[in-house]
Amino acid sequence: PHAAYHVHNTTTPLGIYLTNPLLSNIDNAFVGRTVGAAGLAALSPATLCIDQVLYLFSFLSRAATALAARGYNNVNNKSEAEAKQRMKDAASPALSIALFCGILLSGMYATSSPFILETLNVDPLLHASASSYIHWRGVASWAAMMQSILLTVFMVTKDAKTPLKIIASAAVLNVLGDAAFCVWPLRTGCGGAAAATALATLASTGMMVKALGNRDMLPRLKLPNKKECRSLMEFTGPLLAITLTRMAGFMNMQRRAMTLGMESLAGYQLCMNLLVFFILFGEPLSQLGQTKLPALIDSNNTREAMATFRSIISLSTFAAAGVGFAAYLAASFGTGLFSSDLAVRAVAGAAAPTLFLAVAQTVVGIAVDGCMMASKDFKFMLGTGLASFALQAKLLTYCTSVGDILGTFAIRLGSYAVLSVGRALLGYGNLGRAIRGEGRGRKQVVAKPQ
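Each residue of the sequence shown is one higher than the one before, counting from 3 in the numbering used here.
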């Protein structure tokens, strides 16, 4: 019953999480077909500069999810209006900081993209295309940062349909923009694809602000006070350190791929976009853990905590097998959609088996990650993150192909997932103590039926 209930509540959010990586793959297809292998190779460092920096700030949305969920599900709430107010108050500091940081990022991208590419030792032949992509995507960085926080508000209040409609509308706008800027009447290559994505991001953020404002659910912008900063830092401090180790791992993978030649770099870009697309099948389960488990852990509701944790692990395991196989098929037989270069397609096809492993391990790892964040088990997350980062960095020095690079990623995420599940089942951490009935004086709470 729990598994069926959780499947129902993750189906719609899945569409939200898949939209952005789907658009990235559409950008790849337009650039690959209109510019060629050089355009795809330029997108690799360019998307690293944009998407990985935005990923660096994902600690804000994760912290906002945890705080907003606790506010919305607070046992002292006497009405829906009071629950919404607590949720808005909890999300407000994160939204304000996200906007401020996003404005700084937009300014940095507008003025410093050539310097960033030189620092990454990007091939000078790729600088023009990569710089134009960074410039235009960077224009909308502030909106992308805000959007990540606004999405948490929708998800915490269990409204996934509204943001799905908004993002689907933006997706249509993005595809039309790609066609106009990359095919006809303009043929502006990487910069055109980035401009289309930026316009879609601005449009979707504006629609989200309007939708939340109409429902009196929009967190207000303000300077956080000391209490709010302390509450936010409880999550953002550890999560920032954890995110930095993960981002550093991606950067090491990128650097290694850049030593393999242009065709391999273009093939790596194709594989990474497929990886990012397919691993997000685990994100709704991560959100489920972040929104459902905190209240169960705080109340030591052993029965429901164990049932929810078991459902998340079971669903993620089944999803990993199916999604990993889909990624394998896409890399083996679908690369013709993104590039007509046979060498690039051969690189992606050769990496398909390890792409399967990387996707499967990461889907489970992302789902488990949400449970660990709900448990506030940050020391364990950081410790295993640093250890797996060091292991991956060592293994990357022996990599001679894109498949080898993806294999190190599979090892890193797989080890994290196994250690995290084992820790919880053995009764360690807040989640482990809750599912074994050892938290808060061993008092067990019977949950209300769903």
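Where is the CB? At the ideal position from N, CA and C, for every residue including glycine. Bear in mind the structure is a predicted one, so any value in this text is a computation, not a measurement.
| query | result |
| --- | --- |
| Residues of its chain near H8, where Cβ-Cβ distance is below 8 Å and the 5 sequence neighbours each way are ignored | A caution first: H8 carries a pLDDT of 48, below 50, which makes its placement in the model too unreliable to give a value. |
| Proximity test, Cβ basis, 7 Å: C273 and chain B | The chain labelled as chain B is not found in the depicted structure, where only one protein chain is given. |
| Contact the segment 139-149 vs the segment 193-200: 3+ CB pairs below 8 Å | yes |
| Buried or exposed (CB count within 10 angstroms, at least 16 for buried), F320 | exposed |
| Where P126 falls: helix, strand or coil (DSSP) | helix |
| Coarse secondary structure for W186, derived from DSSP in three states | coil |
| Residue environment, E265, which counts as buried when at least 16 other CB atoms sit within 10 Å | buried |
| Alpha-carbon to alpha-carbon, A48 and E82 | 44 Å |
| Cβ pair V325, F283 closer than 7 Å | yes |
| Among L234, Q256 and G38, the one whose alpha carbon lies nearest that of D343 | G38 |
| Alpha-carbon spacing of N254 relative to M274, whole angstroms | 13 Å |
| Where G193 falls: helix, strand or coil (DSSP) | helix |
| Spatial distance of T399 from K212 (CA atoms) | 49 Å |
| Stretch-stretch touch, CB-based, cutoff 8 Å, three pairs: the segment 163-179 with the segment 103-121 | no |
| Reduced DSSP category for S403 - H, G, I as helix; E, B as strand; rest coil | coil |
| Of the listed residues T67, L122, N432 and G109, nearest to P95 (C-alpha basis) | T67 |
| CB of A132 within 7 Å of CB of A44, strictly | yes |
| Alpha-carbon spacing of F391 relative to F252, whole angstroms | 10 Å |
| Nearest-angstrom Cβ-Cβ length linking M157 and G104, presumed shorter than 8 Å | Their Cβ separation, rounded to whole angstroms, is 20 Å, which puts M157 and G104 out of contact at 8 Å. |
| From L223, A268, V349 and P165, residue whose alpha carbon lies closest to that of F102 | L223 |
| As assigned by DSSP and simplified to three states, the class of D53 | helix |
| Proximity below 7 Å, CB of V370 to CB of S422 | yes |
| Simplified DSSP assignment, three categories, for D180 | helix |
| Beta-carbon spacing of C184, G41 below 7 Å | no |
| Selection from R232, G385 and T356 that minimises the alpha carbon distance to T247 | G385 |
| C-alpha gap between A389 and R425, whole angstroms | 16 Å |
| Under the three-state DSSP convention, the category N303 falls into | coil |
| heavy atom of the ligand HEM below 6 Å from I52 C-beta | Among the components of this structure there are no ligands whatsoever, and the ligand HEM is therefore not found. |
| Spatial neighbours of T410 in its chain, beta-carbon cut-off 6 Å, leaving aside the 5 residues before and after | Q394, L397 and L398 |
| C-alpha gap between V124 and L267, whole angstroms | 11 Å |
| Backbone CA spacing between A329 and P226 [nearest angstrom] | 43 Å |
| Extent of the continuous alpha helix (DSSP H) run through G367 | A354 to A376 |
| Local Cβ density within 10 Å of L428, reported as buried at 16 or more and exposed below that | exposed |
| With 16 other Cβ atoms within 10 Å as the buried cut-off, status of P126 | exposed |
| Terminal residues of the alpha helix (DSSP H) in which L262 lies | L262 -> no alpha helix (DSSP H), and no H or E assigned at all. |
| Integer-rounded CB distance, given that T356 should sit under 8 Å from G405 | 4 Å |
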